[in-house]
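Going by the working numbering, the sequence shown wraps up at 169, each residue one higher than the last.
Data block below; observations after.
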Amino acid sequence: MIDLDDIDTDEDGALTATVELPGGRRVTVEYEFDEEFDYSDDDDDDDDDGEDDVELVEREDLPDLDTMQETVKHSLARLTEEILEAREREVVEELTEAAYEDDADEVDMAEALSALKDDITLDGVIVFGDGGLTLLYIAPEEYPDLIIYCLLDDDLEIDDLMVE
């Protein structure tokens, strides 16, 4: 059973909370709306710039806090300790291979893998309205001031990996 703590909403009305995942991983979880919504309070739908904008959703059409909590709990319940460990291991391997692909002969890959493995930490999870998940990792020594985004597919396998 997933228990959300410190439940709040951000400036957009999306849920933010903390949660303890399997393996004692304490992370921040954020709900991400699937679509953009209209930030303005006026009902003026006229667009004077002539461009076609993304279809916006009205604030009142967004899910309520209870719905967001249920979506988050249901999605996070799928993350077992084995899945979290496997994804972390795969993230470490993919990032290390990408970082040293040109210098593989000159670098001790086992040492590079070990350094990142010791440094990386699951810091957060983004849950989308459709139940999709993105794991957020930090590695302050190896990737200072950067966040590692690991988008998972429906089978909780890595769909995309990026560092920003």
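Don't be surprised by glycine CBs; every beta carbon is placed ideally from N, CA and C.
Own chain partners of residue i with C-beta closer than 7 Å, once the 5 adjacent residues on each side are dropped
| i | result |
| --- | --- |
| Ile7 | Val24, Lys78, Leu81 and Ala82 |
| Asp15 | Thr21 |
DSSP state of residue i mapped onto helix, strand, coil
| i | result |
| --- | --- |
| Ile12 | strand |
| Gly28 | coil |
| Met167 | strand |
| Ile153 | strand |
| Asp46 | Because the pLDDT of Asp46 is 49, which lies under 50, any placement of that residue in the model is unreliable, and the question is left without a value. |
| Asp52 | Its pLDDT being 49, under 50, Asp52 is placed unreliably in this model, and the value from its coordinates should be taken loosely. Three-state result, Asp52: coil. |
| Phe38 | coil |
| Leu161 | coil |
Under 8 Å between C-beta atoms of residue i and residue j
| i | j | result |
| --- | --- | --- |
| Thr101 | Ala117 | yes |
| Val96 | Cys155 | yes |
| Leu121 | Gly28 | no |
| Phe38 | Gly137 | no |
| Ala144 | Asp124 | yes |
| Leu151 | Arg30 | no |
Cβ-based burial, residue i [other Cβ within 10 Å; buried from 16]
| i | result |
| --- | --- |
| Glu147 | buried |
| Val32 | buried |
| Glu162 | exposed |
| Gly55 | Residue placement at Gly55 cannot be trusted, given a pLDDT of 49 that sits under 50; the coordinates are not used to answer. |
| Glu106 | exposed |
| Ala19 | buried |
| Glu93 | buried |
Same chain only: Cβ atoms within 6 Å of residue i, ignoring 5 sequence neighbours per side
| i | result |
| --- | --- |
| Ile4 | Since the displayed the chain opens at 6 and closes at 169, residue 4 lies outside it and no answer follows. |
| Ile153 | Tyr142 and Val168 |
| Ile131 | Glu35, Glu37 and Thr139 |
Close beta carbons around residue i, own chain, < 8 Å, minus the five adjacent residues each side
| i | result |
| --- | --- |
| Ala104 | Ala117 |
Next on the checklist: Please give the ranges of any alpha helix (DSSP H) in the segment 58 to 127, keeping only runs that are unbroken, at least 4 residues long and fully inside the region.
Outcome noted: 70 to 82, 86 to 105 and 114 to 124
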